[in-house]
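Trainee: The structure is given below, and queries will be raised subsequently.
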Amino acid sequence: MAMLGPEEWQAVTLSLKVSTWATLLSLPLAVLAAHALARWRFPGRTLLNGLVHLPLIMPPVVTGYVLLMLFGPAGSVGSVLQSLGLTLAFNWAGAALAAAVMGFPLMVRAIRLSIEAVDPRLEQAAATLGASRVWVFVTVTLPLILPGLIAGIILGFAKAMGEFGATITFVSNIPGQTQTIPSAIYAFLQVPGGETAAVRLVTISIVLALGALLLSESAARWAARRVGGK
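In terms of this note's numbering, the sequence shown opens at residue 8 and continues consecutively.
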């Protein structure tokens with residue numbers, strides 16, 4: 008880390024900033040979507056499931072282009088935001104949005120599997136005692152899904168750290184503004200003599216990815232022991 012140059016440090020710190028905001032922004036929606044898919048029965052449930060997982064199966068460039076069409080300066084949402092003084096395209100906030108969209112399916116899947124593993128009779132018992140749906144979720148469901156929640160957060164963060172295609176399509180590759188670790192690696196590989204810097208960033212990416220996976224596993228085990236009272 009001490010050998011990183013200023014441009015490399017910018018990419019690392021910006022990646023951490025973008026990934027943190029992407030995770031925080033997508034978490035409430037991920038919990039809601041996971042709970043809806045796991046517990047609710049409603050028309051359009053299959054469509055919602057498809058939309059949630061669409062970023063996983065579409066080319067990331069397509070996702071980035073859709074974001075650009077929607078949230079770009081000429082987009083239906085972007086033009087409204089711009090009139091309010093908010094700009095997402097070619098801005099670090101847009102990179103956070105793209106990273107959140109790409110990490111969202113992984114977060115939802117981990118949380119949904121945890122909710123489906125909870126015995127619905129526990130929630131029903133709390134409801135019969137007069138607790139509202141929100142209070143049942145907070146006091147019964149949420150503590151029991153803690154392992155999956157933690158795993159989803161970490162996986163979503165790791166995916167956001169590694170996002171490239173959607174980000175570079177939506178916000179371009181501007182050093183200090185939108186250049187995250189993956190786009191910085193791509194930029195260094197395009198110039199003579201940039202391989203050394205690229206290798207350093209590749210090494211950091213591998214360490215962060217492995218660290219996130221190990222942390223996800225250990226945090227999930229800790230949460231499972233805590234929930235189980237062991």
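Just so it is clear, CB atoms sit at the ideal spot from N, CA and C, and this is done for glycine as well.
Small disclaimer: the values here were computed from a predicted structure and weren't measured.
How would you write the range of the alpha helix (DSSP H) that Leu-31 sits in, first residue to last?
Mentor: Mapped onto the sequence shown, residue 31 falls at position 24. Element bounds for Leu-31: 13 to 46.
Trainee: Just checking: is the beta-carbon of Pro-62 within a distance shorter than 7 angstroms of some beta-carbon in chain D?
Mentor: As a matter of chain content, chain D is missing from the structure shown, which is built from one protein chain.
Trainee: Quick one: give me the first and last residue of the alpha helix (DSSP H) that Ile-188 is part of.
Mentor: Taking the first residue of the sequence shown as position 1, residue 188 is located at position 181. From DSSP, the alpha helix (DSSP H) with Ile-188 extends over 188 to 196.
Trainee: Considering only C-alpha positions, which residue in the set Val-84, Trp-99, Gly-169, Ser-121 is nearest to Met-109?
Mentor: Here residue 109 is taken as the residue at index 102 of the sequence shown, counted from 1. The shortest C-alpha separation from Met-109 is found at Gly-169.
Trainee: Smallest Cα separation from Ala-124: which of Leu-156, Ala-100, Ala-134?
Mentor: If you number the sequence shown from 1, residue 124 lands on position 117. Comparing Cα positions, the closest option is Leu-156.
Trainee: Taking the continuous alpha helix (DSSP H) assigned at Glu-130, which residues delimit it?
Mentor: On the sequence shown, position 123 is the one that residue 130 refers to. From DSSP, the alpha helix (DSSP H) with Glu-130 extends over 127 to 135.
Trainee: What is the DSSP secondary structure of Ile-64, counted as helix, strand or coil?
Mentor: As a working mapping, residue 64 is identified with position 57 in the sequence shown. DSSP places Ile-64 in helix when its eight states are reduced to three.
Trainee: May I ask you to verify whether the stretch 25 to 37 touches the stretch 87 to 106, counting CB pairs closer than 8 angstroms and requiring at least 3?
Mentor: yes
Trainee: Grab me the residues of Leu-246's own chain with a C-beta within less than 8 angstroms of its C-beta, minus the 5 sequence neighbours each way, in chain order.
Mentor: Outside the modelled stretch of the chain, which goes from 8 to 237, sits residue 246, for which no answer is possible.
Trainee: Could you spell out the range, first to last residue, of the alpha helix (DSSP H) harbouring Gly-169?
Mentor: Here the question's residue 169 lines up with position 162 in the sequence shown. First-last of the alpha helix (DSSP H) with Gly-169: 153 to 169.
Trainee: Straight-line CA distance for Val-38 to Pro-199?
Mentor: Translated into the one-based positions of the sequence shown, residue 38 becomes position 31. Translated into the one-based positions of the sequence shown, residue 199 becomes position 192. About 46 angstroms.
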